[in-house]
Amino acid sequence: MSTGSLKAEAGIAGGDSAAGLPIAAAATVSRARTVWASWRGLVYQLAGIILAGLALLVWLLTADLSAIELRTLAPAALWVYTLEHLQLTLLAAVIVLVIAIPLGIALTRKPLRFLTAPVLAIANIGQAAPAVGVVVLLALWVGFSFWAATLSLVLYAVLPVLRNTMIGLDQVDARLVEAGRGMGMSATAVLFRVELPLAVPVMLSGVRTALVLLVGTAALATFINGGGLGILITTGVNLSLTTVLVTGALLVALLALLIDWVGRVVEHVARPKGL
Amino acid sequence: MSERNASTSPAPSAASTGITGASILLDHVTKRFPGQVHPAVDGLTMEIPAGKIVMFVGPSGCGKTTTLKMINRLIEPTEGRIVVDGDDVTEMNGDTLRRGIGYVIQAGGLFPHMTVATNIGIVPKMLGWDKARIAARVDELLELVSLDPALYRDRYPKELSGGQQQRVGVARALAADPPVLLMDEPFGAVDPITRLRLQDELLNIQDELQKTIVCVTHDFDEAVKLGDWIAIFNEGAQLEQYDTPERILGDPANEFVENFIGSGAGLKQLTLTRVEEVGLADAVIGNPGERAADVLARVAEAGHGHAVIVDDRHRPIQWLSRRKLGRLDLISAVPDPKLPVVGIRATLNDALDTMLVSSAGAALVTGRRDMFKGVIDVRTVMDAITRSQTAAVLESDKAPVGLNTGMFQAQASAAEAAEAELIGAESSSAQSSSAQSSSAQPIEADGSGADARAAQ
Chain A
0 MSTGSLKAEA
10 GIAGGDSAAG
20 LPIAAAATVS
30 RARTVWASWR
40 GLVYQLAGII
50 LAGLALLVWL
60 LTADLSAIEL
70 RTLAPAALWV
80 YTLEHLQLTL
90 LAAVIVLVIA
100 IPLGIALTRK
110 PLRFLTAPVL
120 AIANIGQAAP
130 AVGVVVLLAL
140 WVGFSFWAAT
150 LSLVLYAVLP
160 VLRNTMIGLD
170 QVDARLVEAG
180 RGMGMSATAV
190 LFRVELPLAV
200 PVMLSGVRTA
210 LVLLVGTAAL
220 ATFINGGGLG
230 ILITTGVNLS
240 LTTVLVTGAL
250 LVALLALLID
260 WVGRVVEHVA
270 RPKGL
Chain B
0 MSERNASTSP
10 APSAASTGIT
20 GASILLDHVT
30 KRFPGQVHPA
40 VDGLTMEIPA
50 GKIVMFVGPS
60 GCGKTTTLKM
70 INRLIEPTEG
80 RIVVDGDDVT
90 EMNGDTLRRG
100 IGYVIQAGGL
110 FPHMTVATNI
120 GIVPKMLGWD
130 KARIAARVDE
140 LLELVSLDPA
150 LYRDRYPKEL
160 SGGQQQRVGV
170 ARALAADPPV
180 LLMDEPFGAV
190 DPITRLRLQD
200 ELLNIQDELQ
210 KTIVCVTHDF
220 DEAVKLGDWI
230 AIFNEGAQLE
240 QYDTPERILG
250 DPANEFVENF
260 IGSGAGLKQL
270 TLTRVEEVGL
280 ADAVIGNPGE
290 RAADVLARVA
300 EAGHGHAVIV
310 DDRHRPIQWL
320 SRRKLGRLDL
330 ISAVPDPKLP
340 VVGIRATLND
350 ALDTMLVSSA
360 GAALVTGRRD
370 MFKGVIDVRT
380 VMDAITRSQT
390 AAVLESDKAP
400 VGLNTGMFQA
410 QASAAEAAEA
420 ELIGAESSSA
430 QSSSAQSSSA
440 QPIEADGSGA
450 DARAAQ
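Chains as they are written, first to last, in numbering that gives the first Met the number 0: chain A, 0 to 274; chain B, 0 to 455.
See below:
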């Protein structure tokens, strides 16, 4: 938020006395420039994703495709795979949020505070477990289906959200919590009006990480009949259809980048002012 | 309790004196933290008079902050009662209690994601004030702490300097007009010059509002400057001396207090005299936009060397010598950031500091809301030093009650010689009870005080 830092400099230059100088004019002049600066990265990312998508489209239209490839890569089929993929991702994401955020809050409250460190340690280890292993082992246990895929995705993506929720809440200055309580805010009021707003940036970046992980991991769902774009990759590998393989991989990658972009936009907009 | 005092009709007894504060009584208060051998606060009985500033000083870990936080029950006492304005608040809802007590911490403790106005409006909002009333109150408070509402109301804390943040912190604590203000090392995080100004301002505000202020500090000079009463604590919140700054400096109760005061007690007496107590010189006053020649004529007529330029709120913005006036055409409205300014409640020590730093040999004195009052020069300060050296320490007969009834001190003094503890109550603590009674000033015929004395 460079607008803020500009103002801050002006505030300090104004000195400690009450006689600060009006700085509104200078701030307005540079506002357009700073707004653009803060959005520039996001605009470039979106442009890159669109360009890559177009390049893929042009390549598919001009490539010399066999009958099987044409059938596998029919627009209608691709659309269905993509929707399935998104469905898996978003469903898992919603479940993850519903589980991880309340859990993260609970684990940083006083009665469970002693669990914060052990849970963070386990979360860090769990993050290192290979996704394919989790997916297949879980399928062996609960059966090969869409729901098994969802469950394994949830397990996998719960960790970053939980971790960032706890870290986000943990890094809120304890003195601010004390100031809140000292003013007569209840513990709940301090949580919702001080701790959570200040933890939002860290929490959202955890959610974004989880979403990107989910898009990538959802490609593995096809191993257990979970659907999604992963089928293009397995088909491509099994039948040595390079075009199908590459298309599947690229679509997953583009989807991940797109979701990452959406996450960044949300982070940018939802970041509390003044931080 | 808060609501009653915050309302427009203060108690009749307070109305006549202008005191809006409430008295506080800590009655045999003890705090034991789990897993600690000695209580952090041990049987402390202490009276904090309404409308006064009481400073808690002592080495770190002595329990002064714990004691402070027990007043608003951020820390719940293990034993004992807290009485605010005659009401026992030990059992009432803690959040409700705290809404009626202002609380200021180091660096203000402002919420970074809220604007200055939102920060200040938190408590009034919780008390259910309507928006217009909150907005009006925010502006009023910003004025009170010398920040221009139009300029600062919508800023975020990180857009403020440390001193400004601290001012907003004070404004926030005063938002619902609480009778009691608790401050936990409020000026610890700002630079020394800003600290002096903030201290002056706090005294000016206190002049206007007459709250009961309890302030923890580790800076003895700050305690001397701000305090009407100073409580010097030893480990276990053991009260070593609870008295006026004058008497603590002039007649320390024991060696601990002497050591705590440190060297230069004589020089510290300088901090006991305030600028308002010595004579101020008048000054020729000019306004921005005036012709410099007119002002120069007035300066010459008065036989002065300088003219003070004040803004529309009568705050000094420039201090121009004859030579400068001669060179100027019109007086500008640009404030001089290096103006040597001291508050009227500042100590002579601060005034001397300011003069030495500015090398002007004099300083401008400002009163409430930074309004110009007059000029103080080195000679005035020197005269006051000579006088204060000869001045006798005044006996104070209205000292509030303060004593410990816990056993911690007896244990601590007997730590090296365990048998001393076995000798028994009446003989063992000849030493410690003398220390205790020295800290207990003439006790008023107060039930709890009499109890405590009987317990000795």
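C-beta: ideal position from N, C-alpha, C; glycine also.
Among the options, which has the Cα closest to the Cα of residue i?
i: valine 374 of chain B; options: B:Gly401, B:Pro76, B:Leu338, B:His112; result: B:Leu338
i: histidine 267 of chain A; options: A:Val157, A:Leu244, A:Arg207; result: A:Arg207
i: glutamate 177 of chain A; options: B:Gly107, B:Pro123, B:Lys63; result: B:Gly107
i: aspartate 335 of chain B; options: B:Trp318, B:Leu324, B:Arg166, B:Pro38; result: B:Trp318
i: methionine 54 of chain B; options: B:Val333, B:Gly17, B:Leu181; result: B:Leu181
i: threonine 114 of chain B; options: B:Arg171, B:Gly304, B:Arg322, B:Arg367; result: B:Arg171
i: asparagine 347 of chain B; options: B:Val309, B:Pro185, B:Ile121, B:Thr379; result: Note that residue 347 of chain B is leucine in the sequence shown here, rather than asparagine. When only C-alpha atoms are compared, the closest one is B:Thr379.
i: glutamate 158 of chain B; options: B:Arg194, B:Met125, B:Phe110, B:Glu200; result: B:Phe110
i: threonine 221 of chain A; options: A:Thr33, A:Glu194, A:Val131, A:Asp169; result: A:Val131
i: glutamine 268 of chain B; options: B:Ala383, B:Val377, B:Gln105; result: B:Ala383
i: alanine 17 of chain B; options: B:Leu24, B:Pro178, B:Lys130, B:Met45; result: Note on identity: in this sequence residue 17 of chain B is glycine, with alanine being the wrong assignment. Closest option to glycine 17 of chain B, Cα to Cα, is B:Pro178.
i: arginine 194 of chain B; options: B:Gly161, B:Gly127, B:Leu208; result: B:Gly161
i: lysine 210 of chain B; options: B:Gly34, B:Gly101, B:Asn286, B:Tyr155; result: B:Gly101
Looking at residue j and residue i, is the spacing between their C-beta atoms short of 8 Å?
i: leucine 256 of chain A; j: leucine 55 of chain A; result: no
i: histidine 112 of chain B; j: glycine 103 of chain A; result: no
i: threonine 89 of chain B; j: lysine 30 of chain B; result: no
i: proline 271 of chain A; j: valine 199 of chain A; result: yes
i: leucine 136 of chain A; j: alanine 217 of chain A; result: no
i: isoleucine 330 of chain B; j: glycine 288 of chain B; result: yes
i: alanine 274 of chain B; j: alanine 222 of chain B; result: The residue you asked about is not alanine; residue 274 of chain B is valine in the sequence shown. No; because the gap between Cβ atoms is not below 8 Å, this pair is not in contact.
i: alanine 147 of chain A; j: alanine 156 of chain A; result: no
i: leucine 327 of chain B; j: alanine 301 of chain B; result: no
i: leucine 238 of chain B; j: glycine 60 of chain B; result: no
i: glycine 278 of chain B; j: phenylalanine 219 of chain B; result: no
i: isoleucine 81 of chain B; j: isoleucine 70 of chain B; result: yes
i: valine 245 of chain A; j: valine 214 of chain A; result: no
i: alanine 51 of chain A; j: leucine 175 of chain A; result: no
i: leucine 295 of chain B; j: glycine 325 of chain B; result: yes
i: tyrosine 471 of chain B; j: leucine 141 of chain B; result: Because residue 471 of chain B is not part of the residues shown, which for chain B are 0 to 455, the question remains open.
i: lysine 372 of chain B; j: phenylalanine 232 of chain B; result: no
i: glutamate 245 of chain B; j: leucine 225 of chain B; result: no
i: leucine 24 of chain B; j: asparagine 403 of chain B; result: no
i: glycine 342 of chain B; j: aspartate 190 of chain B; result: no
i: arginine 180 of chain A; j: leucine 73 of chain B; result: yes
i: alanine 174 of chain B; j: isoleucine 229 of chain B; result: no
i: methionine 165 of chain A; j: leucine 106 of chain A; result: yes
On the three-state DSSP scale, how would you describe residue i?
i: alanine 306 of chain B; result: strand
i: serine 320 of chain B; result: strand
i: tyrosine 155 of chain B; result: coil
i: asparagine 163 of chain A; result: helix
i: glycine 285 of chain B; result: strand
i: glutamine 237 of chain B; result: strand
i: isoleucine 74 of chain B; result: coil
i: histidine 84 of chain A; result: helix
i: histidine 267 of chain A; result: helix
i: alanine 230 of chain B; result: strand
i: isoleucine 232 of chain A; result: helix
i: methionine 370 of chain B; result: coil
i: alanine 36 of chain B; result: It should be noted that the sequence gives valine, not alanine, for residue 36 of chain B. Reduced to three states, the DSSP call for valine 36 of chain B is coil.
i: threonine 114 of chain B; result: coil
i: glutamate 57 of chain B; result: The residue you asked about is not glutamate; residue 57 of chain B is glycine in the sequence shown. Three-state result, glycine 57 of chain B: coil.
i: phenylalanine 407 of chain B; result: Low confidence applies here, because phenylalanine 407 of chain B scores a pLDDT of 43, under 50, leaving its location unreliable and the question unanswered by this model.
i: valine 189 of chain B; result: coil
Per DSSP, which one or two residues make a beta bridge with residue i?
i: proline 315 of chain B; result: B:Val309
i: tyrosine 102 of chain B; result: B:Leu181
i: leucine 402 of chain B; result: B:Thr44
i: lysine 337 of chain B; result: For lysine 337 of chain B, which the question treats as bridged, DSSP gives no partner whatsoever.
i: glycine 290 of chain B; result: Here residue 290 of chain B is arginine; the residue named in the question, glycine, does not match the sequence. For arginine 290 of chain B, which the question treats as bridged, DSSP gives the partners B:Leu329.
i: alanine 280 of chain B; result: B:Val374
i: glycine 342 of chain B; result: B:Thr365
Please identify, using Cβ separations under 8 Å, the residues of the segment 120 to 146 of chain B that lie next to chain A, in order along the chain.
Ile121, Val122, Met125, Ser145, Leu146
Name the residues in the segment 92 to 123 of chain B whose C-beta lies less than 9 Å from a C-beta of chain A; which are they?
Gly93, Asp94, Thr95, Leu96, Arg97, Arg98, Gly99, Ile100, Gly101, Tyr102, Val103, Ile104, Gln105, Ala106, Gly107, Gly108, Leu109, Phe110, Pro111, His112, Met113, Thr114, Ile121, Val122
Positions along the segment 62 to 75 of chain B whose CB lies within less than 9 Å of some CB in chain A
Lys68, Asn71, Leu73
Check each residue of the segment 149 to 181 of chain B: if its Cβ is closer than 7 Å to any Cβ of chain A, include it; give the result in chain order.
Leu150, Arg154, Tyr155, Pro156, Lys157, Glu158, Leu159, Ser160, Gly162, Gln163
What residues from the segment 98 to 130 of chain A come within 9 Å of chain B, judged by C-beta to C-beta, listed N to C?
none
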